[in-house]
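First up is the structure itself, then whatever we jot down about it.
In the working numbering, the protein residues as written are 3 to 269.
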């Protein structure tokens, strides 16, 4: 049985509760049967994995591998994932380097099947992957109740990973744009419309930088590793998202009322 995280409400009120209880809830979640069994299996078996084919042939190992990078939905895309992993990241033309979603690059880089030997033989490898797996799966469980909370939880991890690479401002924004969960948080927090992703990619980067400067006084997404700035970003995201949901619900109610009023009387 898997521990179900407690989330009494959405929006900033729910976020405050989640921040205060996260450590205890994460610990309880990590101890739940499914998570613990998957972690034990991965820890015992992954050191024997030498190739991408070995990994995708073991569904339990693949479940953890994909889950560690937020790619759970790709569990049945074995050929695609095998290609991502086999090519690695060292070659400029590697498959992962050509995909817009940076999570595939991060997974391919972590496993290092283009190295000899691969990273799977390293003594620290299971611990590193399992730490990511447990955190991500907790986020998934939160997302089953409130997707916005899942995105907010993942922001700190995503920004920290971004800052570690010390990219230029342009590269940092392109990385955000190529990471769907982070992209969603920034776009909503900045009040950008759903059609924003359809404009020229360089223009998208410029708009994101401008909006960040106008709203928060910083133009580089790595600046949001600052806890105070990150919290303001999350609060803006949750507020705008909740506002949009309320507006959509009101609009649906108005349409339903109009349809009812337009019906002829039954008697």
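Idealized CB from N, CA, C, for every residue including glycine.
- DSSP places residue 144 in the helix class (H, G or I) of the three-state scheme.
- Residues of the same chain with a CB within less than 7 Å of the CB of residue 27, apart from the 5 flanking positions on each side, are 7, 8 in chain order.
- By the neighbour-count criterion, in which a residue is buried when 16 or more other Cβ atoms sit within 10 angstroms of its Cβ, residue 155 is buried.
- Boundaries of the alpha helix (DSSP H) harbouring residue 163: 149 to 166, taken from the DSSP string.
- With a 10 Å radius around the Cβ and a threshold of 16 neighbouring Cβ atoms, residue 128 comes out buried.
- Apart from sequence neighbours up to five positions away, the residues of its chain that approach residue 32 with a beta-carbon distance below 6 Å are 136, ordered along the chain.
- Contact between residue 222 and residue 189 is ruled out by a C-beta separation of about 17 Å, above the 8 Å threshold.
- The alpha-carbon of residue 134 is positioned some 7 Å away from that of residue 71.
- DSSP places residue 70 outside both helix and strand once states are collapsed to three, so it counts as coil.
- Of the residues assessed, residue 193 falls on the exposed side of the cut-off, its CB having fewer than 16 other CB atoms within 10 angstroms.
- Shown here, residue 26 sits in a helix according to DSSP, grouped into three states.
- A direct Cα-Cα distance of roughly 33 Å separates residue 66 from residue 198.
- Contact annotation: residue 56 and residue 182 have beta-carbon atoms that are not nearer than 8 Å.
- For residue 14, the CB contacts under 7 Å within the same chain, skipping 5 residues up- and downstream, are 237, 240, 241 in chain order.
- The criterion of a C-beta distance shorter than 8 Å is not satisfied by residue 145 and residue 114.
- The DSSP-derived three-state label of residue 197 is helix.
- A distance of 8 Å or more separates the beta carbons of residue 49 and residue 126.
- For the set 73, 78, 82, 46, the Cα lying nearest the Cα of residue 124 is the one of 46.
- DSSP, reduced to helix, strand and coil, places residue 92 outside both helices and strands of the structure shown, so it counts as coil.
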